[in-house]
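Asks: For reference, the structure I am asking about is given below.
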Amino acid sequence: MKLKTTNLNLGILLLSAGMLLLSSCADSQKKEKEPINSQEIKVEGEMVAELTAPPYVPKPTKDRKATKLRVDMEILELEGELVDGVQYMFWTFDGTVPGSFIRAKLGDEIEFHLKNHPDNKLPHNIDLHAVTGPGGGAESSFVAPGQEKAFSFKALHPGLFVYHCAVAPVGMHIANGMYGLILVEPEEGLEPVDKEYYIMQGDFYTEGSYGERGMQEFSMEKAINEMADYVLFNGNVNSMTGDNALTAEVGETVRLFVGNGGPNLVSSFHAIGEIFDKVHVEGADLINHNVQTTLIPAGGAAIIEFEVNVPGTITLVDHSIFRAFNKGALAMLNVKGEENHDIFEGEIYEGIYLPEGSSIQKMPTPKTKKATVQASSLEERIAFGKDVYSRTCTACHQANGQGVPAAFPPLANSDYLNADVERAIEAVLFGMSGEITVNGEVYNSVMTSQGLNDEETANVLTYVYNNWGNDAQEITPEMVNEIRNR
Ligand code: CU
Numbered sequence: 020m021k022l023k024t025t026n027l028n029l030g031i032l033l034l035s036a037g038m039l040l041l042s043s044c045a046d047s048q049k050k051e052k053e054p055i056n057s058q059e060i061k062v063e064g065e066m067v068a069e070l071t072a073p074p075y076v077p078k079p080t081k082d083r084k085a086t087k088l089r090v091d092m093e094i095l096e097l098e099g100e101l102v103d104g105v106q107y108m109f110w111t112f113d114g115t116v117p118g119s120f121i122r123a124k125l126g127d128e129i130e131f132h133l134k135n136h137p138d139n140k141l142p143h144n145i146d147l148h149a150v151t152g153p154g155g156g157a158e159s160s161f162v163a164p165g166q167e168k169a170f171s172f173k174a175l176h177p178g179l180f181v182y183h184c185a186v187a188p189v190g191m192h193i194a195n196g197m198y199g200l201i202l203v204e205p206e207e208g209l210e211p212v213d214k215e216y217y218i219m220q221g222d223f224y225t226e227g228s229y230g231e232r233g234m235q236e237f238s239m240e241k242a243i244n245e246m247a248d249y250v251l252f253n254g255n256v257n258s259m260t261g262d263n264a265l266t267a268e269v270g271e272t273v274r275l276f277v278g279n280g281g282p283n284l285v286s287s288f289h290a291i292g293e294i295f296d297k298v299h300v301e302g303a304d305l306i307n308h309n310v311q312t313t314l315i316p317a318g319g320a321a322i323i324e325f326e327v328n329v330p331g332t333i334t335l336v337d338h339s340i341f342r343a344f345n346k347g348a349l350a351m352l353n354v355k356g357e358e359n360h361d362i363f364e365g366e367i368y369e370g371i372y373l374p375e376g377s378s379i380q381k382m383p384t385p386k387t388k389k390a391t392v393q394a395s396s397l398e399e400r401i402a403f404g405k406d407v408y409s410r411t412c413t414a415c416h417q418a419n420g421q422g423v424p425a426a427f428p429p430l431a432n433s434d435y436l437n438a439d440v441e442r443a444i445e446a447v448l449f450g451m452s453g454e455i456t457v458n459g460e461v462y463n464s465v466m467t468s469q470g471l472n473d474e475e476t477a478n479v480l481t482y483v484y485n486n487w488g489n490d491a492q493e494i495t496p497e498m499v500n501e502i503r504n505r
């Protein structure tokens, strides 16, 4: 919060400062900071900004003085993937979604150079929410392909700010990935932490539905109706899962710079199995403590800090939860280190509880969806199946098929799968629940029907059967169809 100094409250400040001297030092951290007139901060020297691609951030500014900071960014229109097998034409700042992270200091004079690559098709610009001035710089940075422009602004407010393209149709430029974050650190810098990461949510609208293979065009109609097919962290379903997961060690403090590019949806940002020690609400000065879920508006951000205390995987999600498990808004933070049984003890009891008898949970069988691209060989079926697996199965059974102890059975080296192919097909088609034994371990959880069509079901099972020590079999769409219509 900014202080507007008047003689009256300056007097109160002095008075309370006097009282503080008499009170215990525990109160000292509550002392209001001297108001800073950031317009009067003088800059010293000049430097070129370090820029980083997500999920990384540049080095802290620590105690460096405000300076003349040069930022160079290049706009690239690039083909990439929303998830394996689904291509999309992204419009980007510096070739990534979100664009490069910029780390500045209060009072910096930022000379911003924006270049539009000559191979691009469209004009673009940049509106930084950290700018005090017309359009956040948009008007001064409008560049056609093959053009470069520069403008300059003074960072008058500390905080974490979104930047985005603001060329009409603005929604379309943002929906295609044109956003990122700029951090303006306060004069004293942020407190040091062990790990810092950069995460930005965005919603995507494609002509095909979620997971439909091939090159997908942007759907203006779905975007206007706010019917997102994908809700993603860092522009890809698997940007931070499996081998790409974020990492930390027990005892470390993690700081997440989280933004929301939108264009439409608000994020209910949550970490499964963790409580946020501190949240800089809306990326500003107000700090909230002990937060379970923080709301990040479209075009807004939050700085989130927490210590990790026990090993395991912390799953970061948008708690509008279908977005996490069905549209991609899910990331993983793998924490390694010593168990701490005082903080968390795993399953300590298991028994039978059947007040109403057991019943198999069956989801309504979906009408067979229109066919996807047909696999023409076993190799292709395995490759297509890997894509289905990564967007449908990874959250529970894990990227390496190892499952989660006491919760989700392994698919790797699975005696349960290898013993009965038809049972496996039924499980994917109709879901299953109740007690099963896999590799000698008992599991009692619920798997819902995944709503896959025959081709997708055949592909994903073939992928699973041809990996991780399972007994290589090909499941065909015909086999699936026969069981579906039994
Ligand atoms: Cu643009």
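In the numbering used here, the protein residues as written are 20 to 505. Ideal placement from N, C-alpha and C gives every residue a C-beta, glycine not left out.
Leaving aside the five residues before and after Asp490 along the sequence, list all residues of the same chain whose C-beta is less than 6 Å from its C-beta, in chain order.
Replies: So the list reads Asn437, once near-sequence residues are dropped.
Asks: Sorted by chain position, which residues of the same chain lie with C-beta nearer than 8 Å to Ile444's C-beta, five sequence neighbours on each side aside?
Replies: Thr476, Leu480, Ile494, Met498, Val499, Ile502
Asks: Go through the stretch 52–131 residue by residue and report every complete run of the beta strand (DSSP E) that reaches 3 residues or more, in order.
Replies: The stretch 52–131 contains these whole beta strand (DSSP E) runs: 65–67, 87–102, 105–112, 120–124.
Asks: Leaving out five residues before and five after Ile218 in sequence, what residues of the same chain have Cβ atoms less than 8 Å from its Cβ?
Replies: Pro73, Pro74, Phe252, Asn253, Met259, Leu275, Phe276, Val277, Gly278, Leu335, Ala350
Asks: When DSSP labels each residue in this structure, what does Ser409 get in the three-state scheme?
Replies: Of the three classes helix, strand and coil, the one that applies to Ser409 here is helix, per DSSP.
Asks: Distance, Cα to Cα, His192 vs Val186?
Replies: 7 Å
Asks: State the CB to CB distance for the pair Thr111 and Gly196, rounded to an integer number of angstroms; the pair is presumed to be in contact (CB under 8 Å).
Replies: 5 Å
Asks: From the DSSP output, in three-state form, read off Met197 for me.
Replies: Correct three-state label for Met197: coil.
Asks: Using 8 Å as the cut-off, can you tell me whether the stretch 287–297 makes contact with the stretch 313–333, which would need three or more C-beta pairs spanning the two stretches below that distance?
Replies: yes
Asks: Do Phe161 and Phe131 have their CB atoms nearer than 8 Å?
Replies: no
Asks: Could you give the DSSP three-state label for Asp262: helix, strand or coil?
Replies: helix
Asks: Taking only heavy atoms of ligand 1 into account, decide whether any of them is closer than 7 Å to the Cβ of Val186.
Replies: yes
Asks: Can you give the Cα-Cα distance for Val105 and Asp406, rounded to whole angstroms?
Replies: 9 Å
Asks: Measuring alpha carbon to alpha carbon, tell me which residue in Glu399, Ala414, Ile340 is nearest Ala264.
Replies: Ala414
Asks: Could you tell me the distance, in whole angstroms, from the CA atom of Ala446 to the CA atom of Met466?
Replies: 8 Å
Asks: Per DSSP, what kind of secondary structure is Lys140 in: helix, strand or coil?
Replies: coil
Asks: May I have the straight-line CA-CA distance separating Phe237 from Leu101, to the nearest angstrom?
Replies: 12 Å
Asks: Pop quiz: His183 and Asp146 are said to be a contact at Cβ under 8 Å. What is the actual Cβ separation, rounded to whole angstroms?
Replies: 6 Å
Asks: Take the Cβ of Ile315 as the centre, count every other Cβ of all protein chains shown within 10 Å, and call the residue buried at 16 or more, exposed below.
Replies: buried
Asks: If you follow the beta strand (DSSP E) that Ile444 is part of, which residue opens it and which one closes it?
Replies: Counting along the chain, Ile444 falls outside any beta strand (DSSP E), though it belongs to the alpha helix (DSSP H) covering 440–449.
Asks: Measuring alpha carbon to alpha carbon, tell me which residue in Asn463, Gly331, Phe363 is nearest Tyr372.
Replies: Asn463
Asks: Thinking Pro142 and Ala163 are a contact (beta carbons under 8 Å), I'd like their distance in whole angstroms, please.
Replies: Sure, about 5 Å apart at Cβ, within 8 Å.
Asks: In the DSSP assignment, the beta strand (DSSP E) including Arg274 goes from what residue to what residue?
Replies: That run of the beta strand (DSSP E) goes 272–281.
Asks: For Gly370 and Val461, I'd like the C-alpha separation in whole angstroms.
Replies: 12 Å
Asks: Measure the beta-carbon distance from Val116 to Gly221 and round it to whole angstroms, keeping in mind my assumption that it falls under 8 Å.
Replies: Indeed, because the Cβ distance is near 7 Å, the residues count as touching under 8 Å.
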